[in-house]
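Below is one structure, written out as C-alpha cells, with a few remarks after it.
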Amino acid sequence: MQRVGVFVCWCGSNIAATVDVEKVAEVLAKEPGVVFSTNYQYMCSQAGQEMIQESIAKYNLTGVVICSCSPRMHENTFRKTCEKAGLNPYMVEIANIREQCSWIHKDKETATEKAVILGRAAIAKVHLNAPLTSGTSPVKKRALVIGGGIAGIQTALDIADAGFDVDIVEKEPTIGGKMTQIDKTFPTLDCAACILTPKMVDAAQNEKIHIYSYSEVSSVKGFVGNFKVTIKKKARYVDETKCTGCGLCTEKCPQKKVPNAFNLGLDNRRAIYIPFAQAVPKVATIDADYCTMLKSGKCGVCSKVCTAGAIDYTQKDAFIEQEYGAIVVATGFNPIKLDQYDEFAYSQSPDVVTSLEFERLMNAAGPTGGTLLRPSDGQHPHTIVFVQCVGSRCDDSKGKPYCSKICCMYTAKHAMLCREKYPDTDVYVFYIDVRTPGKNFDEFYRRAVEEYGVHYVKGMVGKVVPENGKLKVQASDLIGNQQLHIDADMVVLAAAIEPDKSARPLATMLTASMDTNDFFTEAHPKLRPVESPTAGIFLSGACQGPKDIPETVAQASAAAAKVIGLLNKDHLVCNPCTAQPDELMCNGCSSCEKVCPYGAITYVDKEFRGPNRTTLLRRVAQVNPAVCQGCGACTVACPSGAMDLKGFSNKQIMAEVDAICR
Amino acid sequence: MPVNEEFKPTIVAFCCNWCSYAGADLSGTNRLQYPANVKIIRIPCSCRLNPMFVLRAFQRGADGVILCGCHPGDCHYTTGNYYARRRMTLLFSMLDFLGIERERTRVEWVSAAEGAKFAATMNDFSATIHKLGPNRRLEDLRCRKD
Amino acid sequence: MIDTIKRISGVNPRKCMKCGKCTASCPAFERMQFHPHQFVDMVENGRIHELMNSEGIDFCLSCFACVERCPRNVEPAKVIEAVRLAVVRQQGGAHLTPDEIPALLDDELPQQAITAAFRKYRK
Amino acid sequence: MQERLKQKATQLLENGTVDRILGWKAGEFFYDLTPAVFTTKEQIEKDFVFNVFAGANLSKYLIAESRKGGKVAAFIKPCDSYSFQQLLKEHRIWRDNVYVVGVQCDGMCDAAKLGDGVLSVKEEGENLIVDTLYGEKTVLKADAIADRCASCKSKKIVIFDELIGEQGEETENDRFGEIARLEAMSPEERFEFWRGELSRCIRCNACRNVCPACSCEKCVFDNANSGVRNKAAADSFEENMFHIIRAFHVTGRCTDCGECSRVCPQNIPLHLLNRKMIKDINELYGPYQAGADMDTKPPLTNFTVDDCEPSIVHERGGQ
Amino acid sequence: MTYSYFPGCTLKTKGKDLDIWGRASAEALGFTLEELPDWQCCGAVYPMAKDEIATRLSSVRALMAAGEKGQDLVTLCSACHHVIKRVNNDLRTDETIRDKVARYLKLETPYAGETNVRHYLEVLRDKIGFDVLKEKVVNPLTGRKIGAYYGCMLLRPASEMGFDDPENPTILEDFIRAIGAEPVIYARRNECCGGYCTIKDKGFATKQVDAIMENARNCGAEELITACPLCLYNLKENATDGLPVAYFTELLAEALGVKEAAK
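Sequence lines, in order, name chains U, W, X, A and C. Using my numbering, you'd call the opening residue of the first sequence number 1 and step up by one each time. Using my numbering, you'd call the opening residue of the second sequence number 1001 and step up by one each time. Using my numbering, you'd call the opening residue of the third sequence number 2001 and step up by one each time. Using my numbering, you'd call the opening residue of the fourth sequence number 3001 and step up by one each time. Using my numbering, you'd call the opening residue of the fifth sequence number 4001 and step up by one each time.
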C-alpha cells in the first residue's frame, strides 16, 4: 500500500466556488492509504508546489494525488515538483475537478460529491502506480517544412541558419506562396515582391536548404525525432537539373489558351510555363491538362526549341524517402469560393472581383501591367465599391464563423492606392466593423479616410445588378439610415480565407489535430501557439489561423526556434508509459504485432524453465520502448492479457472503474 | 421492486487522451453543462479500451458506458480508433445478443475542438440511460440462485 | 412582450451582428419607417410598441431576401411578421376588412393576392 | 475406418516417420472417446479406437505434444484441421514436429439421441446397431447425428501431410439459422433465453479446457493481474462475465468446431455466442473463416477505413 | 409516373392557363398529375409564426393525402409550392408543431413530413430530365430571347426550398434552353416584384416591376416567363412599359406542340 498525499486545489474561485474543497480534502483523507490531505488556493503556485514537496518529505509519501485542473494543463508541472522532492514523477495522479467538474456543474453539493469520486478514482489508481523511468530515442537532425510560402521560407531560413538541414516541400512549381501575388503590403505600402523575392533567392542558395518544388508529402510514419516521410515529386516533364529558365519554350508553345493560375485566370498562359519571372526554382513546368504533346502525342515544339535538352515527356512522378526529426506545417490559406454569395454577382459579371484578383489588377507584373482596368472592357473604373466580410463572421450555415483578420487592412490599402493612383475615382468601402489591431494599422485606416477621401460606409451591400456596363449596387448606410444605390464600375469582394485544401489530408497523415474549420490546433492557445499537440509537429503561418504577413513571419521564426530547440538535442526522453509483455504469459501469437502502428513489437524464441527441470523454448513478444508510443492497441489485441501498458495498466483502469462505480 | 424516485445513473465515459479528453476539457472551459453522474476515465487511445473494462463497469454497477475517441482518420496513433471501432461493434452486438439494452453502450467520436459535441453527447446519453432506468438485466444475468 | 415576439418568430435577435445586409437587401425599404435591422435591434431592446405603431409594417413583402442573405441566419422577416401579428391579433388591429375588398379588385387580379392580403392583414 | 487408422498408425511408428501417435481411446463409457498418445504397436492394437463418437478435437493437444521433442502424428478431421491451422497461424503448434493424417468424417453421433439404457453401439453401413438394457435396436445414423455435425460447415481438410478417405469441400449449411432465430426475438425474449441457459452454468471450466482457441499460456481468469481472476464463480454474475469474456477472447479465432457445447455438462449452447460473432464478422467485415488459411488477417487485428460504426448495433435492431 | 397534384386556388380561376398547359405538357411528357380530391387553399402565405397551427393544416391535409397514395406532391404555383414545402419542413423539423398538428387532426401517428413536395419544374429537371425534354420538343422556340423571372418564393429560403442556387439560379434557364430558346440572364430575376402590395399601393408595385423589366430588357430579354400567377399579374398589369410575360407552361406546351389542343 502506498502512502498517499492528497492535495486539493481551489484554483482561486475556479474550483472553490462550486466545489467544497475543504470537504473534499476531509473525505479523501479517510480513503485507504491516505496519510495526508489538504487544500490550498493555488497548488500550481510556487508556495503550493513547495507545500507538496515539504509534505512528501514530512509524511514520507510514496504517491501523490492532486485534485486540480486538467492533467493536460499541469500534470507535467506537478510531476516535476514531485521529482524534485525525490518522488518518482509517475507516482503522481491528477483528479480533474476543474474542467470536468467545477466548470460544468452549478450545484455545489453535486459538484463536491463528484470531486470526491474523481479523487477516489485517482487514489485507487495511484495505489497501483509503479515508478517509471523514461528511456531515450535519438533525434534525426533534419527538418521538413511543408509549404513554401513566406511562412515556410522564413522557418526554413531560420532553421538552416542554426546549422540544420531543412527541406521545403512546395506543391506549386515555385516557392513564394500567396505573397508573390500581392502587390503592396500594409501598412507601409512597400512592394511585396521587393521584400519576398530576396528571401526566395536566399532559400534557394542556402546550402542547408533543399527545395522540393511541385511536390507533395505522400506519407508520414514514425514519431518525434524520427519521422519517415515519403515525398512525391510530381512529373513536371522538364529536367530541373538541365532547365536554365531561359523561357524560350514558354514563348514558343502553341497552346496559348491556358488560364493563368498565377493571375487567377485573369489572363492566359502557355501549356509550358514559368509562373512568374522571379520563380524559384526558375524552371519550366508542363501543364499536362493542356499540353497537346502529352495528350495526343503531336507537337513537341518545346522540346525542339530547348537548347538545354531539358524537356522530358516521359517523366513520371518520383517518390523520395527521407527521415526528419521535426516537421513544420506551413500550408497557408486560400480565399473561399464565392459561389454561395451570388447576390454580389461574382459569377455574373467579370467586373466583380475578389481582393486577391484586385491585387493582380493593380500589380505591375499582373495582366494589365499595373494599370487598373476593368476586366470586362478594359476601361478605367471611376466608381469602385469594396465589400467587407464576404463569407466571414457567418453563422455556420452561411459561411465561415471566424473573422478573416486581414481583409480590413488590405481593403484600406486597396482603397488608398486607388485614390492615390487615380484621384478621379470614387471609392466606397462597406464595412460591419473596421478591425485594425496592429502597429500603425488604425493610423493607416484613418489616413485612407481622412487624407485619401475613401468613403467608409457602415452597412452592407445587399444586391449587385450588372446592367448596361454598370454594376448597380444596392446597399445600406446604417448611420445615415438610408438605402444607397450606387452605379459602380467595379465591385471588390473581401472573400473570407480558409485553410488550404491539402491541410486536412496532411493533418490525418501527421495525426495532428484540427479545429472544425480545418485550421491546425495549437498545443496551447496561449502558451504553446506554434506547436501542434502531436510531438514534433510545428505550425507556421495561416495554417493555424488567419494571419497577416508580420504575424506569419513572427510565428514562422517562433516555430523555427522550437524546431532548433528540438534538433539541438541528441536524444529525446521517451514516454515511459509503454507496453510491456509478461513473457510468462505470452502465447507468441502475433496479435499484438499486427495492430502496432509503430512496428515496436518483435518476437524472440526464449528458453523458459519448465516443470521437472526441463526447459521450454517459447516464442515471446518484445517491445522496443524507444519506439512504442503507448497507445495500448496491443494490450487489447492480446488474448492472454500478457501485454499491459505501463501507467495505464489493466489493474489501474479497473481500479478507477471500481472507484467510480462503487 | 421499490420505485427509485430519484434514479441517478452511473455513467462511465472512457475518453482518449488526445481528442475526447481534450474535448471534455474544452466543454469545461466553455462552461457547457452535462450531468455530474458522467465520470470520465482517461485512456491514452480508444484502442486501449479493453472490453473487460466495459464489463467490469457494468459488474460494479454502471448503468451506461460510453467510449469517446478521435474521429476515424484522426487518431493520434494513426489507427487505434479503427481497432476500437471493430472491437466495440462486436462487443455491443454480443451484449445485444444476450438481451442487454443496446442503448447502454455507445461510441462517439469527439475531437479536441468539439467541446459542444462532448457536452451534447453526454447530455443525450445520460438522458437515454435515465429513460432506461437502472441496469437490471446485467444484474439479473447474475442470475442469483437464491 | 419581447418574449412574445421571440416566441412567435422563433428568432433570437442576439444573433444579429448589426451588419445591415437585411436592410441593404430590402425591396420595401422606402415604404417602411423602420427597416429590417432596426426591427431586430428594437425587439432586442424592447422597443416593440414603437414598432407596432410605426408606418409601413404591413409593407414587408415576405420576399425572404433578408432571410436568405443574413450572414448570421437571424431571419428578420420572421421578426417583422411577429410584430405585425402582434398588431393584427389585437382587437381592431386588422388592416383590411372585407368591405374594402371590392374596390381593390380588377378583372385579372389573382385569388392568391386577396387570400394573401387577408392572411397578412387580419385575423 | 478404425482398422485403416490403426494400420496407418502402426505403419508410421514402424517406419520411423513419427515417435508418437495422437488418437483416441475408449473412455469410461462407450460414447466418451478420449484423446490419447500411443507409442507402440501393442498399445495401438489394444486401445486405439475410432468410431462415431470420436468427436474430440485433437488439435489443441498438439500445442503441448509438438514441443515434447520427437515427432507426433495426429489424426485430424475436417473441422479439427481448421483449429489446427488457426493454431499454426498463431504460432502455437510447432509444425515441423507434427505429421498430420487427414481423416474424412461423416459426422459424429450424439449418444443422448440414442435413448436410455444404451450399452454399446455398432456401426453397420448407414445404421447403428444399438444394444440396450431393453434389447437391441437399429437406429439410422442420420437420426443420431450430433447437432454440430448436422450443420457441418466443411468437409474440407485444410491442412494435412497425408489423407485417409476423400478430400471434401465446404458445405452448404444453415448453421446461422439458430442465430437468426434468436436475433429475431425481442431483447426481452433473448434475455430470458440466455438467463435460462446461463443460469445452469456450474463454472466447471470444461468449455475453456476443451476449446482450441482457449490455449493461452495462462488464462486471464487465472491471472491476478488481469483484474478478472476468478477460479470458480464467487459471484454468479461472474459466470456470465466468464462466458462473455471467453466469447470475446475467441472472437475472430474461433473456428466453430463446437467442442464447447459438446463438453458442457449442463448442455448450455455456448457455441451460439461464438457463432453470433462469426455471423457478425461475416456480415460486417466480409466473410472470414478462422483457420481456413495462413494469410488472411484476423478481423480484430484488421480494419478498413470505411468500417461500420458501433451504432450499427442500434440501427439494425436485433439482427 | 403519377404524382399527386395540388393546383391551388388561383390555378382554378384567374390562373387557369398555368394549370391547363401544365397538365397537357405533363401528358405529352409521359407523367400524370392526379389532382387531390377535396384539396383546400393553402393560404397563399407561409405562416411564419411558430404558434400558428390552424393555418398550416390545409397543407398538412394535402401532404397526407399524397402520402397515403405513396406519391410525391407536385405543385405548379410558386406560392402553393412555397407554403406546402415549408409547412412540410416544419413538420419534419419542429417537434412542437408536429405534436400540435397531430392533436388538431386527431392523428394516431403524427405526420412528420414524409411526403416529398416537388415543383413542376423540379419534376422536369430531376425526374424527366431536361435532355429528355429537349428530345420531345417538336416545336423549338428557336431565336426567342427569354428572361426567366423567378421571383421570391421559388427560391427562398434556400435552406428549406432546396430548389436551386437562390442568388444565381439556373433551372428556368436550363428549361428555356431545353425548349430551344435562348435564356437571358439578368440579376433582378430573383428580386421581389412587389406583387403582394398591388392591392395596397400600385405605385410601389410599378416601381419594382419597372426595375425588373428595365434590367431584363437591358440584358437583351424580349419576353419573360414565370411560374407565379401573382408575378404574372403584377408584371403584366403594373409595368409602365413591360415586356410580354407568359407562364412557363405556356411555352412548354407550345414547344411540345400541345398548346392549341389544350385550349
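Idealized CB from N, CA, C, for every residue including glycine. Values in this document were obtained by computation on a predicted structure and should not be read as measured data.
Next item on the list: Mark residue 613/U as exposed unless 16 or more other C-beta atoms lie within 10 angstroms of its C-beta, in which case mark it buried.
Entry: What you label residue 613/U is simply residue 613 of the first sequence in a count that begins at 1. So residue 613/U counts as exposed.
Notebook entry, point to check: Based on Cα-Cα distance, which residue from 109/U, 35/U, 331/U, 384/U lies nearest to residue 422/U?
Noted result: Here residue 422/U refers to the residue found at position 422 of the first sequence. Looking at the Cα atoms, 384/U is the closest of the given residues.
Check: Which chain X residues are close to residue 4157/C, counting only those with a beta carbon under 7 angstroms from its beta carbon?
Finding: Here residue 4157/C refers to the residue found at position 157 when the fifth sequence is read from its first residue. What residue 4157/C touches in chain X: 2064, 2067, 2068.
Note to self: DSSP has residue 586/U in a bridge; who is on the other side?
What the structure shows: Here residue 586/U is taken as the residue at index 586 of the first sequence, counted from 1. In the DSSP output, where bridge partners are listed per residue, residue 586/U has none listed.
Check: Residue ranges of each alpha helix (DSSP H) run of no fewer than 4 residues wholly in the region 3032-3114 of chain A, ordered along the chain?
Finding: Listed in chain order, they are 3041-3047, 3061-3065, 3078-3089.
Margin query: On a Cα-Cα basis, can you pick out the residue from 314/U, 264/U, 520/U that is closest to residue 505/U?
Written below: Counting from 1 along the first sequence, the entry for residue 505/U is found at position 505. Selected option, being the one with the closest Cα: 520/U.
Next item on the list: Give the secondary structure of residue 191/U by DSSP, where H, G and I count as helix, E and B as strand, and everything else as coil.
Entry: Residue numbering aside, residue 191/U sits at position 191 when the first sequence is read from its first letter. Of the three classes helix, strand and coil, the one that applies to residue 191/U here is strand, per DSSP.
Margin query: In chain order, what are the residue ranges of uninterrupted alpha helix (DSSP H) at least 4 long that sit wholly in the region 388-456 of chain U?
Written below: Scanning the region 388-456 of chain U for uninterrupted alpha helix (DSSP H) segments of 4 residues or longer gives 407-421, 441-450, listed from N- to C-terminal end.
Margin query: So for residue 1142/W, helix, strand or coil by DSSP?
Written below: Position 142 of the second sequence, counting from 1, holds the residue named residue 1142/W. Below a pLDDT of 50, predicted positions are generally treated as unreliable, and residue 1142/W, at 45, falls in that range; the measurement from the model is reported next regardless. Looking at residue 1142/W - three-state DSSP - the assignment turns out to be coil, as it is neither helix nor strand.
Next item on the list: May I ask you to report which of helix, strand or coil DSSP gives residue 27/U?
Entry: Mapped onto the first sequence, residue 27/U falls at position 27. Residue state, collapsed to three classes: helix.
Check: How should residue 2036/X be labelled, buried or exposed, when 16 other C-beta atoms within 10 angstroms of its C-beta is the threshold for buried?
Finding: Reading the third sequence from its first residue, position 36 is the one you call residue 2036/X. Answer is buried; the Cβ neighbour count reaches 16.
Item checked: Proximity of residue 538/U and residue 562/U at Cβ, strictly below 8 angstroms -> Within the first sequence, the letter at position 538 stands for residue 538/U. Within the first sequence, the letter at position 562 stands for residue 562/U. Yes, these two residues count as a Cβ contact at 8 angstroms.
Check: In whole angstroms, what is the alpha-carbon distance linking residue 303/U and residue 163/U?
Finding: By 1-based counting over the first sequence, the position of residue 303/U is 303. By 1-based counting over the first sequence, the position of residue 163/U is 163. So the alpha carbons of these two residues sit roughly 40 angstroms apart.
Check: Hey, how far is the Cα of residue 3221/A from the Cα of residue 584/U?
Finding: Locating residue 3221/A in the fourth sequence gives position 221, counting from the first residue. Locating residue 584/U in the first sequence gives position 584, counting from the first residue. Using only the alpha carbons, I get a separation of about 15 angstroms.
Margin query: I need the boundaries of the beta strand (DSSP E) containing residue 4/U, first residue and last residue.
Written below: By one-based count along the first sequence, residue 4/U stands at place 4. That run of the beta strand (DSSP E) goes 4-9.
Item checked: Closest Cα partner of residue 35/U within the set 43/U, 63/U, 48/U -> Residue mapping note: residue 35/U aligns to position 35 of the first sequence, counting from 1. For residue 35/U, the nearest C-alpha among the options comes from 63/U.
Next item on the list: Identify the continuous beta strand (DSSP E) that holds residue 3132/A and give its terminal residues.
Entry: Locating residue 3132/A in the fourth sequence gives position 132, counting from the first residue. Taken as a continuous stretch (DSSP letters only), the beta strand (DSSP E) holding residue 3132/A covers 3127-3132.
Margin query: Using 8 angstroms for Cβ pairs, my map puts residue 245/U next to residue 274/U. What's the rounded Cβ distance?
Written below: To locate residue 245/U, count along the first sequence from 1; it is residue 245. To locate residue 274/U, count along the first sequence from 1; it is residue 274. With 8 angstroms as the limit, residue 245/U and residue 274/U qualify as a contact, their Cβ atoms being about 6 angstroms apart.
Margin query: Starting from residue 490/U, trace the beta strand (DSSP E) in both directions and tell me its first and last residue.
Written below: Here residue 490/U refers to the residue found at position 490 of the first sequence. Unbroken beta strand (DSSP E) run through residue 490/U: 490-495.
Checklist line | Start and end residues, alpha helix (DSSP H) containing residue 1058/W | finding: Along the second sequence, one-based indexing puts residue 1058/W at 58. Its alpha helix (DSSP H) spans residues 1051-1059.
Note to self: Please list, in chain order, the residues of the region 2017-2046 of chain X that have any C-beta partner in chain C closer than 7 angstroms.
What the structure shows: Within the region 2017-2046 of chain X, the residues whose Cβ lies closer than 7 angstroms to some Cβ of chain C are 2027, 2031, listed in chain order.
Note to self: Using DSSP's beta-bridge definition, name the partner residues of residue 64/U.
What the structure shows: Position 64 of the first sequence, counting from 1, holds the residue named residue 64/U. Its beta-bridge partners are 5/U, 92/U.
Next item on the list: Mind listing, in chain order, the continuous alpha helix (DSSP H) runs of no fewer than 4 residues lying wholly within the region 602-658 of chain U?
Entry: Counting only runs of at least 4 residues, the region 602-658 of chain U fully encloses the following alpha helix (DSSP H) elements, listed from N- to C-terminal order: 633-637.
Check: Is the distance from the Cβ of residue 4179/C to the Cβ of residue 4107/C below 8 angstroms?
Finding: Along the fifth sequence, one-based indexing puts residue 4179/C at 179. Along the fifth sequence, one-based indexing puts residue 4107/C at 107. No, these two residues do not count as a Cβ contact at 8 angstroms.
Note to self: I need the DSSP call for residue 1012/W, collapsed to helix, strand or coil.
What the structure shows: Residue mapping note: residue 1012/W aligns to position 12 of the second sequence, counting from 1. Correct three-state label for residue 1012/W: strand.
Note to self: I'd like the list of long-range same chain contacts for residue 68/U, defined as Cβ closer than 6 angstroms, with 5 residues on each side in sequence excluded.
What the structure shows: Position 68 of the first sequence, counted from the first residue, corresponds to residue 68/U. Cβ neighbours of residue 68/U beyond the five flanking positions: 9, 43.
Checklist line | Helix, strand or coil at residue 514/U [DSSP, three-state] | finding: For the purposes of this step, residue 514/U is taken as residue 514 along the first sequence, with counting starting at 1. Three-state DSSP puts residue 514/U in a strand.
Checklist line | Cβ pair count under 8 angstroms reaching 3, the region 4176-4193 of chain C against the region 4207-4222 of chain C | finding: They touch, by the three-pair rule.
Check: Just to confirm, are residue 3038/A and residue 3023/A a CB contact at a threshold of 8 angstroms?
Finding: Position 38 of the fourth sequence, counted from the start, is the residue given in the question as residue 3038/A. Position 23 of the fourth sequence, counted from the start, is the residue given in the question as residue 3023/A. For residue 3038/A and residue 3023/A, yes; Cβs fall inside 8 angstroms.
Margin query: Quick check: what's the CA-CA separation for residue 3120/A versus residue 591/U?
Written below: Along the fourth sequence, one-based indexing puts residue 3120/A at 120. Along the first sequence, one-based indexing puts residue 591/U at 591. Here the C-alpha atom of residue 3120/A lies approximately 46 angstroms from the C-alpha atom of residue 591/U.
Note to self: What would DSSP say about residue 1002/W, mapped onto helix, strand or coil?
What the structure shows: What you label residue 1002/W is simply residue 2 of the second sequence in a count that begins at 1. Caution is warranted here: a pLDDT of 44 is assigned to residue 1002/W, below 50, making its placement in the model unreliable, and the coordinate value is therefore given only provisionally. In the structure shown, residue 1002/W sits in coil (DSSP, three-state: anything other than H, G, I, E or B).
Note to self: Can you give me the C-alpha to C-alpha distance between residue 3169/A and residue 3079/A, rounded to a whole angstrom?
What the structure shows: What you label residue 3169/A is simply residue 169 of the fourth sequence in a count that begins at 1. What you label residue 3079/A is simply residue 79 of the fourth sequence in a count that begins at 1. Cα to Cα, residue 3169/A sits roughly 12 angstroms from residue 3079/A.
Notebook entry, point to check: DSSP three-state call for residue 382/U: helix, strand or coil?
Noted result: The residue labelled residue 382/U in the question sits at position 382 within the first sequence. Here residue 382/U sits in coil by DSSP.
Notebook entry, point to check: Any idea which residues DSSP pairs residue 142/U with across the strands?
Noted result: Translated into positions along the first sequence, residue 142/U becomes position 142. For residue 142/U, which the question treats as bridged, DSSP gives the partners 165/U.
Next item on the list: Assign residue 485/U to one of two classes, buried (16 or more other C-beta atoms within 10 Å of its C-beta) or exposed (fewer than that).
Entry: Numbered from its first residue, the first sequence carries residue 485/U at position 485. Counting Cβ neighbours within 10 Å, residue 485/U comes out exposed, since fewer than 16 surround it.
Next item on the list: Consider the Cβ of residue 482/U: report whether some Cβ of chain B lies at a distance smaller than 8 angstroms.
Entry: Protein chains in the displayed structure are U, W, X, A and C, and chain B is not among them.
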